[in-house]
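See below for the structure under consideration.
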Amino acid sequence: MLKSGKKVSVIVPVYNGEATLQRCLDSLLAQTWADIELVVVNNASSDSTAAICAACPDPRLVYLEEPRRGVSRARNTGLAAAGGDYIMFVDADDFVEPDMLETMLAVEGYDVVYCGLTTQNPDGSNPQAMRMPEGPHSRDDILGLLLQAEALSIMFGPYCKLYPKSVVGSVRFDEDIHVGEDLKFHFDVLQHVNKAFFIEKQFYHYILYPQSDGHAKDSLKKTDMIPVWEYIMGSTPQELLPLAIPTYIELLLNTMRYLLRSEQGKSHFAELRMKLRPLAGEILHGPYSWGRKRAALLYLICPFELLRLFRRRKS
3 MLKSGKKVSV IVPVYNGEAT LQRCLDSLLA QTWADIELVV VNNASSDSTA AICAACPDPR
63 LVYLEEPRRG VSRARNTGLA AAGGDYIMFV DADDFVEPDM LETMLAVEGY DVVYCGLTTQ
123 NPDGSNPQAM RMPEGPHSRD DILGLLLQAE ALSIMFGPYC KLYPKSVVGS VRFDEDIHVG
183 EDLKFHFDVL QHVNKAFFIE KQFYHYILYP QSDGHAKDSL KKTDMIPVWE YIMGSTPQEL
243 LPLAIPTYIE LLLNTMRYLL RSEQGKSHFA ELRMKLRPLA GEILHGPYSW GRKRAALLYL
303 ICPFELLRLF RRRKS
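Numbering-wise, the sequence shown is residues 3 to 317 according to our numbering.
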């Protein structure tokens with residue numbers, strides 16, 4: 003017999019999701035926890051997304067449409083419509099195990115419950131488990147893991163987390179940024195969290211698409227992550243700040259390397275060079291590999307055009 007009394011609003015933003023949406027919906031409507039509402043926000047899809055939702059006979063599906071304004075706006079629209087006691091986000095190209103909600107809801111007395119996930123290619127190949135040791139954690143524990151980018155996908159994205167609606171409160175996704183908006187949202191919610199619980203099992207299947215903003219190596223949108231990380235560092239307790247600096251340095255170096263692929267990245271590269279300069283001593287004298295130290299020195303002293311030419315020849 004299924005339990006009741008804790009309604010979960012699962013928010014699914016979707017844009018042209020006809021290839022994967024049905025699998026996602028089926029996995030959610032098959033949950034062993036029956037008391038759910040499935041809030042699907044169609045972000046102006048031009049394919050059969052609307053028809054797939056219209057054909058669903060389950061009254062628990064709440065269908066919303068809006069103009070094409072991005073995933074953050076779609077998630078915010080879902081949050082405004084959510085009527086459940088708990089909030090969960092699932093992307094339309096992902097799917098979940100049938101006992102995910104029931105297992106996570108069984109953990110009581112915590113401000114947020116996490117589960118593990120499996121990343122995989124669209125064809126199901128190369129599955130990679132991402133999980134944290136099971137058990138309770140304080141907010142400082144969670145912030146420490148986030149600042150060190152531990153279990154990256156679990157900590158950064160809005161998925162794999164069951165939030166009481168009261169904890170989310172008025173926190174919303176920043177609609178003005180395109181990469182890192184999910185990290186910023188989670189960080190802001192954590193300001194209202196005192197204790198969390200990790201479930202080790204990988205209930206969530208996260209599908210990797212190389213062409214997406216979060217994974218595209220040539221995307222200049224990657225520079226959006228820099229101000230997000232600076233926002234996080236500016237709001238982090240002083241005693242935890244040393245944990246964030248190595249992650250920030252890695253982010254700067256990786257983003258600068260990506261910018262070398264495009265002539266359009268020149269102005270962005272110059273901006274990041276100015277951010278990297280005060281950290282030169284930290285890099286040269288810190289526990290960084292010789293490759294990282296060399297890259298930092300080259301990025302600081304060599305002209306963009308020369309670095310770009312060197313990278314083109316190397317590749």
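Built from N, CA and C at the ideal position, the CB exists for glycine as well.
- Nearest in C-alpha terms to His270, of all of Thr121, Asn256 and Leu245, is Asn256.
- In this chain, the alpha helix (DSSP H) harbouring Tyr260 covers Leu243 to Leu261.
- Contact between Arg77 and Pro15 holds, since their C-beta atoms are separated by about 5 Å, short of 8 Å.
- As summarised for the region 107 to 194, the continuous alpha helix (DSSP H) elements at least 4 residues long and confined to that stretch are 141 to 149, 154 to 158, 167 to 170 and 183 to 192, given in chain order.
- Across the set Val73, Ala56 and Gly72, the C-alpha of Ala56 shows the shortest separation from the C-alpha of Tyr65.
- As the crow flies, the alpha-carbon of Cys304 is around 10 Å from that of Ala297.
- In terms of CA proximity to Val114, Leu192 leads the group Leu192, Ser127 and Tyr260.
- Taking C-beta atoms as the reference points, Ile234 and Leu281 fail to come closer than 9 Å.
- With contacts defined by Cβ atoms closer than 9 Å, Ser264 and Phe189 do not form a contacting pair.
- Less than 9 Å divides the Cβ of Met102 from the Cβ of Gln33.
- With a threshold of 16 other beta carbon atoms within 10 Å, Phe312 falls short and is exposed.
- Following the DSSP letters along the chain, one finds Val10 in no alpha helix (DSSP H) but inside the beta strand (DSSP E) bounded by residues Val10 to Val16.
- Annotation: the continuous beta strand (DSSP E) that includes Tyr208 extends over Lys197 to Ile209.
- Excluding residues up to 5 positions away in sequence, Thr120, Thr121 and Gln122 lie with their Cβ nearer than 8 Å to the Cβ of Gln130 in the same chain.
- Under the three-state reduction of DSSP, Val230 is assigned to helix.
- The alpha-carbon separation between Trp231 and Cys117 amounts to approximately 24 Å.
- Rounded to whole angstroms, Glu177 and Gly80 show a C-alpha spacing of 14 Å.
- Per DSSP, Tyr65 is one residue of the beta strand (DSSP E) stretching across Leu63 to Glu68.
- Taken atom to atom, the span from the alpha-carbon of Gly283 to that of Leu253 is near 17 Å.
- Straight through space, the alpha carbons of Ser74 and Met227 are spaced by roughly 15 Å.
- At the C-beta level, Val41 and Ala84 come within 9 Å of one another.
- Secondary structure at Glu99: coil, using DSSP grouped into helix, strand and coil.
- Residue state for Val43 is assigned as strand, using DSSP reduced to three classes.
- The C-beta separation of Pro69 from Tyr211 comes to about 23 Å, leaving the pair out of contact by the 8 Å criterion.
- Secondary structure at Tyr301: helix, using DSSP grouped into helix, strand and coil.
- Contact check for Gly72 and Thr51: beta-carbon distance about 16 Å, past the 8 Å limit, so the pair fails to qualify.
- Per the DSSP secondary-structure output, Ile38 pairs in a beta bridge with Val10.
- Per DSSP, the continuous alpha helix (DSSP H) segment holding Gly283 begins and ends at Ala282 to His287.
- About 5 Å separates the beta carbons of Arg25 and Phe97, which is inside the 8 Å limit, making them a contact pair.
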